[in-house]
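Protein chains in written order, with our numbering: chain A, 3 to 213; chain B, 3 to 213.
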């Protein structure tokens with residue numbers, strides 16, 4: 003063969019190198035696949051676990067918000083008598099704050115039910131950060147709504163229990179004990195919703211940071 | 003030459019390819035450096051801009067929270083007369099909800115002042131996501147505190163303005179008009195704080211996602 007030896011060497015090396023590179027690349031790819039897939043799986047698994055906790059907390063918040071709204075909505079009490087100063091029926095309709103409470107907690111419960119599918123999507127695709135961000139922002143809005151309703155209802159319930167001597171507002175819970183008990187239960191359920199929302203936002207923020 | 007043409011072609015391509023790769027790699031590296039440094043600067047600049055907006059909003063929230071607390075704290079009104087049913091002095095001390103409002107807004111204002119240095123650090127180092135996450139979580143806690151105080155004070159102010167015929171609670175703003183005006187102003191300032199907090203949390207969440 004008249005082909006010079008160094009050309010052949012070059013040729014063999016030229017053939018070898020891609021082969022080596024190819025096999026090496028394949029090996030390193032395989033090794034990389036072995037090394038990186040568990041890391042990605044571990045990270046994805048942790049974020050999937052956080053998404054599952056998010057779903058569980060969200061369902062708990064749905065239950066708490068529905069309980070608060072339903073308890074407030076069914077807080078009628080009829081008395082067998084009435085005096086000059088007090089009606090014989092107490093209902094959430096009598097207080098604008100309780101009406102706001104019912105509307106706000108119903109809205110929050112509806113939002114929470116609608117957000118469950120998005121939470122499930124973020125379990126299936128743990129690396130989609132847009133859904134996380136959307137849920138976080140809407141959660142903050144719902145948290146504000148639920149907290150303001152809870153605060154307003156708490157102020158009125160406190161007034162109904164204790165009255166206020168400075169402004170001459172008498173306590174009405176002496177007459178309407180069952181009504182006050184029911185409304186207090188609704189307020190407690192709304193605060194459970196608020197605390198659950200804070201944990202939901204904490205989870206979303208941590209998941210966004212680990213992205 | 004007895005060397006087959008396809009061997010030479012292979013050889014030339016084998017020689018060419020690394021050379022091309024080397025120069026191409028260098029060129030693409032150089033180009034990549036030209037392309038990525040402005041991208042990083044642009045991204046850092048955008049996040050620095052968001053951090054600056056965060057600082058400005060935070061200072062505005064400090065002003066609003068301090069205004070709410072100070073207005074509520076100075077809402078005394080003395081009347082030149084008193085009747086059988088009403089005291090001749092109205093103050094935030096008379097209502098537990100207003101006391102809670104004052105304490106909560108003072109706490110929020112204190113937290114906001116303490117959080118300004120962290121906001122400045124996140125301007126200097128826009129890529130530190132830990133500070134962002136810390137500020138977001140503490141902002142959510144402060145938002146909840148401010149919102150509950152604002153809701154409770156709003157419920158009482160509404161009652162003071164309008165009264166409630168069902169529970170026989172009379173409106174006291176006929177007697178204490180200045181007191182009611184002052185307290186209403188404090189409530190408005192607290193809602194400004196709440197809205198500012200929501201924008202702060204939105205900014206932090208978007209900055210965390212872009213990390």
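All C-beta atoms in this analysis are idealised placements derived from N, C-alpha and C, irrespective of residue type, glycine included. As the structure is a computational prediction, the values presented were derived from the model and not from experiment.
Judged by pairs of C-beta atoms under 8 angstroms, the region 149-160 of chain B touches the region 103-117 of chain B, as three or more such pairs exist. Within the region 189-201 of chain B, those residues whose Cβ lies closer than 8 angstroms to any Cβ of chain A are, in chain order, 196 and 200. Within the model, the alpha-carbon separation for residue 192 of chain A versus residue 49 of chain B is close to 36 angstroms. Assignment of residue 177 of chain A by DSSP, reduced to helix, strand and coil, places it in the coil class.
DSSP lists A:79 as the beta-bridge partner residues of residue 92 of chain A. Rounded to the nearest angstrom, the gap between the Cα atoms of residue 70 of chain B and residue 194 of chain B is 9 angstroms. When only Cα atoms are considered, residue 209 of chain A and residue 131 of chain A end up about 8 angstroms apart. Where residue 163 of chain B is concerned, the enclosing alpha helix (DSSP H) starts and stops at 131-164. For the pair residue 142 of chain A and residue 97 of chain B, the CB atoms are not nearer than the 7 angstroms cut-off. Using a CB distance below 7 angstroms, the part of the region 123-138 of chain B facing chain A consists of 131, 135 and 138, ordered along the chain.
Cβ contact annotation for residue 184 of chain B (same chain, cutoff 7 angstroms, sequence separation greater than five): 73 and 77, in chain order. For residue 75 of chain A, the closest C-alpha among the options A:92, A:62 and A:63 is that of A:92. Contacts with chain A at 7 angstroms (Cβ-Cβ) do not include residue 68 of chain B. It is roughly 6 angstroms from the alpha-carbon of residue 144 of chain B to the alpha-carbon of residue 110 of chain B. Counting only the Cα atoms, residue 52 of chain B lies some 14 angstroms from residue 138 of chain B. Note that the C-beta distance between residue 59 of chain A and residue 202 of chain A is below 7 angstroms. Counting of Cβ neighbours within 10 angstroms places residue 161 of chain A among the buried residues, the total reaching 16 or more. At least one beta carbon of chain A lies nearer than 7 angstroms to the beta carbon of residue 96 of chain B. At least one CB atom of chain A sits nearer than 7 angstroms to the CB of residue 204 of chain B.
Interface annotation, residue 158 of chain A: in contact with chain B, CB-CB separation under 7 angstroms. The alpha-carbon separation between residue 204 of chain B and residue 117 of chain B amounts to approximately 16 angstroms.
Under a 10 Å Cβ-count criterion, residue 126 of chain A is classified as exposed, with fewer than 16 other Cβ atoms of the shown protein chains found around its own Cβ.
Chain order gives no chain A residues near residue 105 of chain B, where near means a beta carbon separation below 8 angstroms; the closest approach is about 13 angstroms. Taking the C-beta atoms as reference points, residue 121 of chain B is found no nearer than 7 angstroms to residue 172 of chain B. Among the residues of chain B, none has a CB under 9 angstroms from the CB of residue 76 of chain A; the nearest is roughly 18 angstroms distant.
According to the DSSP assignment, residue 107 of chain B belongs to the alpha helix (DSSP H) that extends over 98-126. For residue 121 of chain B, the closest Cβ of chain A is not nearer than 7 angstroms. For residue 115 of chain B, the CB contacts under 7 angstroms within the same chain, skipping 5 residues up- and downstream, are 64 in chain order.
Taking all protein chains shown into account, residue 164 of chain A has fewer than 16 neighbouring C-beta atoms within 10 Å of its C-beta and is therefore exposed. If you check the CB distance, residue 181 of chain B and residue 79 of chain B come in under 7 angstroms. The beta carbons of residue 157 of chain B and residue 157 of chain A sit closer together than 7 angstroms. Within chain B, 207, 210 and 211 have C-beta atoms less than 7 angstroms from the C-beta of residue 210 of chain A, given in sequence order. The CB of residue 151 of chain B comes closer than 8 angstroms to the CB of 153 in chain A, given here in chain order. Excluding residues up to 5 positions away in sequence, 159 lie with their Cβ nearer than 7 angstroms to the Cβ of residue 186 of chain B in the same chain.
Interface residue (Cβ-Cβ distance to chain B less than 7 angstroms): residue 61 of chain A is not classified as such.
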